[in-house]
Amino acid sequence: MAALFNRRNQLQWLALLAIAVILPTVSLLWFMSRVIANERLVVREKLAVLYQDKLTDATAKTESLYRNQIAALDKLKPADNPYSVFKHLVLESQSQGVVIWDASGALLYPRTTDALGNSVTANHPLAAAWQLEFAKNEYAGAAELYSQFTTNNAPQVAITALIGKARCLSRLNRLDEAIESCRQAAAFSTGDEDDLATRVAVENARLLLLSLLKQSAQAPSSVHSPTEVFHRTVDSLTEDLYDGKSQRALLPANQNLFIAQKVLAALEGPIPFPDTKAKDQLRQLTTAEETSFTIAELYQPLTGKSDVLFKTTVTSRPSYGLCRRTGSGTMLVLLSDAGLASILSGYREAFAGTESTYRILDSSGDFVAGTAQPQGQPFTVAALPEGFPGWKAELYFQGGDVFEKAAQRQIAVYTWTGLLVILLILIVSAFAVRAVGRQIRLNQMKNDFIATVTHELKTPLASMRVLIETLLEGNVKDETQVTRYLQLTAKENERLSRMIDNFLTFSRMERNKVAFTLTDARPGDIARDAVESVQTKFATHNCRLQTEIPAELPEIQADHDAIVTVLVNLLDNACKYTTDDKRIGLKVSANHDTVCFAVTDNGIGIARRHLRRIFDRFYQVDSSLARKAEGCGLGLSIVKFIIDAHKGDVMVESKPGQGSTFLVRLPIGEKNAD
Ligand code: ADP
2 MAALFNRRNQ LQWLALLAIA VILPTVSLLW FMSRVIANER LVVREKLAVL
52 YQDKLTDATA KTESLYRNQI AALDKLKPAD NPYSVFKHLV LESQSQGVVI
102 WDASGALLYP RTTDALGNSV TANHPLAAAW QLEFAKNEYA GAAELYSQFT
152 TNNAPQVAIT ALIGKARCLS RLNRLDEAIE SCRQAAAFST GDEDDLATRV
202 AVENARLLLL SLLKQSAQAP SSVHSPTEVF HRTVDSLTED LYDGKSQRAL
252 LPANQNLFIA QKVLAALEGP IPFPDTKAKD QLRQLTTAEE TSFTIAELYQ
302 PLTGKSDVLF KTTVTSRPSY GLCRRTGSGT MLVLLSDAGL ASILSGYREA
352 FAGTESTYRI LDSSGDFVAG TAQPQGQPFT VAALPEGFPG WKAELYFQGG
402 DVFEKAAQRQ IAVYTWTGLL VILLILIVSA FAVRAVGRQI RLNQMKNDFI
452 ATVTHELKTP LASMRVLIET LLEGNVKDET QVTRYLQLTA KENERLSRMI
502 DNFLTFSRME RNKVAFTLTD ARPGDIARDA VESVQTKFAT HNCRLQTEIP
552 AELPEIQADH DAIVTVLVNL LDNACKYTTD DKRIGLKVSA NHDTVCFAVT
602 DNGIGIARRH LRRIFDRFYQ VDSSLARKAE GCGLGLSIVK FIIDAHKGDV
652 MVESKPGQGS TFLVRLPIGE KNAD
């Protein structure tokens, strides 16, 4: 019944311990899983806020750059010289093309004209010369006729005559004279008062001069410094082209473009032109002017929204135009890639050097700026500011999901901490299990002890009661029997006393209340007193005791009675755990610093695995045998306690079936040592 109760008790303890481990572990795991889930959200939230801020900044910057662009357009009035507006927008603002309308919607730039100045009419002063030159191919006669008009009062006639003469002379291979004639035409005053026809005539003379100079460079010629003349002519031509400064009659855009293209062609000739910047600018302007013609054709009349970017395919690739309408007119500007990139530079700056990348798409989903083919899905998308209708900016993480990476780092920290805590719980629990197990065993031993004590005390008490009752009832035959009964009673009494002594010693030991009086003690006397104590018992049990106590032994510092108790316990055990032929020995010896008491027997011996524990309280190798042998597992623990208090040591050598030897070594006090 008690065993059952104990087992249930143990199970309860174990269940409690399991709960103490499992509950916090499960809670911790649950908590960790929540934290991990939350961490992903928190990291995502943190980074999203960070990048959202950057995105907001980039959008604000783009908006401000866009407004600046509009403000810059407003500074250029459509009514101003269109070439000055065009030149500024192309060279300064990197526009690909420009179209300008006035307030009434009439096209200001690029405006064209059909008249190239010289209409072939029969009553023109030069009609006869043209007839000779073009119809009859009589160049010498034609040159003569032209010469008569080179000083004509009408500048346009004079210039045309000079050009015609030059043309004819070049046909006659009189290149130097032709150049001279052309130079005169080209040098004609082009002051502010010049009308358009004169301007066109002079520019034509210059173009012809360039071509004649190129020819002369390839053939022997006596022209004075042709390269210098060539450069000067190119300079004056480029100065006149896209001329936004002077008040002279404006060259129509188609004529301007024609002349500019011819100049560019002339620059590719044998005469080198070192001013590459001027050449590049001229090329840029002619390309933009060509584009402007195409835009003007496409968007005439101009409809649609102003102040917003719109997509167009004027060039081979899609490009973006911006239309600004004010009270004084309307301007349409085709942005170049660089121009658009500079408006969108806020995005590039905001996300440079971060783990993210961006992509800007226009309203039709076409890629505009950023990374053309980013990896994965965008983690946030935002609209571009006003002016970019339907455009959006997408944010991507480079090299995988950064949210996940950042979260993983944090999660690893949590996981390791959690695992460490679980490990700690397990270690602590293991200790607790051991401690509780030990406590359970101790309790069990104590219960056994109480049962044993009761049993052990009952036996001598019962014997004594029987003996005394017999004596009192007078059921004794003679004096000898009385004496025997009294002797038996005394023996039982003595056994009882020894037992109680042991219990008391144990109890005091338990409460740490044992005080030993260390005095000079003689090992021989101790051994003899112990032998005397067990003599009667040994005699009863037929124990043969062999002692070896040298006469000369050094004194030790010890509590005489306590050491007697030690030896009595060891001798008692030797008797108890020996079967029939009980042969027991007690040998005392000494060396220079210790005195050794050895108790040997030829008893049942002790298995190796028990040797370490027999000195534990209440420990019994085989409780059934111990019970039979009147033990309660305290004797050796008392022995160890006493010997430890004397700073000595106790050892056992034993083999099952071959007997045991218990060795007690006590230090010799300094003054007794040899
Ligand atoms: P007990 O009161 O049971 O003898 P002890 O503390 O004296 O308690 O001894 C503990 C256990 O050690 C005993 O139960 C016994 O099994 C074993 N033991 C002690 N002395 C001997 C011995 N001389 N020979 C064999 N076993 C012994």
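Counting the sequence shown from 1 gives a position; the numbering used here is that position plus 1.
Glycine is no exception: its CB is placed at the ideal position from the N, C-alpha and C atoms.
Taking C-beta atoms as the reference points, Ala522 and Glu549 fail to come closer than 9 Å.
Classified as buried, Arg360 has 16 or more neighbouring CB atoms from the shown chains inside 10 Å of its CB.
In the structure shown, the three-state DSSP call for Tyr397 is strand.
In the structure shown, Trp102 adopts extended strand secondary structure according to DSSP, grouped into three states.
Listed in chain order, the beta strand (DSSP E) runs fully inside the region 546-589 are 557-559, counting runs of at least 3 residues. By the C-beta density criterion, Lys656 is exposed, having fewer than 16 other C-beta atoms within 10 angstroms. No Cβ-Cβ contact shorter than 9 Å links Leu197 with Tyr243.
Per DSSP, the continuous alpha helix (DSSP H) segment holding Thr295 begins and ends at Thr277 to Leu299. By the C-beta density criterion, Gly347 is buried, having at least 16 other C-beta atoms within 10 angstroms. The Cβ atoms of Val264 and Gly388 lie no closer than 9 Å to each other. In this chain, Glu134 is not harboured by any alpha helix (DSSP H), its DSSP state being neither H nor E. Taking non-hydrogen atoms of ligand 1 into account, the C-beta of Gln445 is found less than 8 Å away from none of them. Counted as a single uninterrupted DSSP element, the alpha helix (DSSP H) harbouring Pro227 occupies residues Pro227 to Asp241.
For Tyr359, no alpha helix (DSSP H) segment is defined; the enclosing uninterrupted segment is the beta strand (DSSP E) at Ser357 to Leu362. Assigned with DSSP and collapsed to three states, Asp502 falls in helix. A distance criterion of 8 Å places the beta-carbon of His611 in contact range of ligand 1, judged by its closest non-hydrogen atom. In this structure, the beta-carbon distance from Pro156 to Thr113 does not fall below 9 Å. In the structure shown, Tyr620 adopts coil according to DSSP, grouped into three states. In this structure, the beta-carbon distance from Leu664 to Phe598 falls below 9 Å. Here DSSP, grouped into helix, strand and coil, assigns Ser96 to strand. In the DSSP assignment, Phe642 falls within the unbroken alpha helix (DSSP H) covering Gly636 to Ala646. With a cutoff of 8 Å, Gly636 counts as near ligand 1, since its C-beta is closer than that to a heavy atom of the ligand. By the criterion of a C-beta distance shorter than 6 Å, Gln378 is surrounded by no residue of its chain, once the five residues flanking it on both sides are discounted. The closest heavy atom of ligand 1 lies 8 Å or more from the beta carbon of Val434. Under DSSP, the beta-bridge partners assigned to Pro668 are Thr595. Per the Cβ contact rule, the region 534-544 is in contact with the region 582-589 (3 or more Cβ pairs under 8 Å). Look at Gly604: its beta carbon is less than 8 Å from one of the heavy atoms in ligand 1. DSSP places Lys312 within a strand segment (E or B) once states are collapsed to three. Ranked by how close their Cα comes to the Cα of Asn153, the residues Arg613, Phe189 and Glu178 have Phe189 in first place.
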